[in-house]
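Only one structure is covered here, and it is reproduced in the block below.
Numbering (full-length UniProt numbering), first residue to last: 1 to 90.
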């Protein structure tokens, strides 16, 4: 079991996931949402970016990411294929 947290102030639990792959996909979805919000100029924009953590069942941070939307281009996934566990061509 993994937990996905947005650790920007105030910190909040976003979701949980049964696998690391699903947790990474959920972080990617949140980054895409933040990018779309920045492009649409909706909500407060953070110049310092948005901070995310994937935590294990004991609350230890396994991965951290700071995402700063670049509104001058289309969203690019923050999760590289190797992290998703996908093999080339498959």
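By construction, the Cβ of each residue, glycine as well, lies at the ideal position given by its N, Cα and C atoms. Here the structure is a predicted model, which means the values were calculated and not measured.
query: Are the beta-carbon atoms of residue 64 and residue 50 separated by less than 8 Å?
result: Taking the first residue of the chain shown as 1, we reach residue 64 at position 64. Taking the first residue of the chain shown as 1, we reach residue 50 at position 50. Taking 8 Å as the Cβ cut-off, residue 64 and residue 50 do not qualify as a contacting pair.
field: Check whether residue 38 and residue 69 have beta carbons under 8 Å apart
entry: Numbered from its first residue, the chain shown carries residue 38 at position 38. Numbered from its first residue, the chain shown carries residue 69 at position 69. Yes; because the gap between Cβ atoms is below 8 Å, this pair is in contact.
message: Quick check on residue 55: does DSSP put it in helix, strand or coil?
response: Here residue 55 corresponds to residue number 55 of the chain shown, with the count starting at 1. Collapsing the DSSP output to three states places residue 55 in a strand.
- request: Report the rounded CA-to-CA distance for residue 12 versus residue 6, giving the unit in angstroms.
  value: The sequence position of residue 12 within the chain shown is 12, counting from 1. The sequence position of residue 6 within the chain shown is 6, counting from 1. Between the alpha carbons of residue 12 and residue 6 lies a gap of roughly 5 Å.
- prompt: Can you tell me whether DSSP reads residue 33 as helix, strand or coil?
  reply: As a position in the chain shown, residue 33 is number 33, starting the count at 1. Residue 33: helix per DSSP, three-state reduction.
query: Based on the DSSP secondary-structure assignment, which residues constitute the bridge partners of residue 61?
result: For this step, residue 61 is matched to residue 61 along the chain shown. 55, per the DSSP bridge assignment.
field: For residue 45 and residue 8, the rounded distance between their alpha carbons
entry: Walking along the chain shown from the start, residue 8 turns up at place 8. Walking along the chain shown from the start, residue 45 turns up at place 45. Residue 8 and residue 45: Cα-Cα distance of roughly 12 Å.
- prompt: Per DSSP, residue 75 forms a beta bridge with which residues?
  reply: Translated into the one-based positions of the chain shown, residue 75 becomes position 75. Answer by DSSP bridge pairing: none, since residue 75 is not bridged.
query: Does the beta-carbon distance from residue 28 to residue 78 come in below 8 Å?
result: Here residue 28 refers to the residue found at position 28 when the chain shown is read from its first residue. Here residue 78 refers to the residue found at position 78 when the chain shown is read from its first residue. Taking 8 Å as the Cβ cut-off, residue 28 and residue 78 qualify as a contacting pair.
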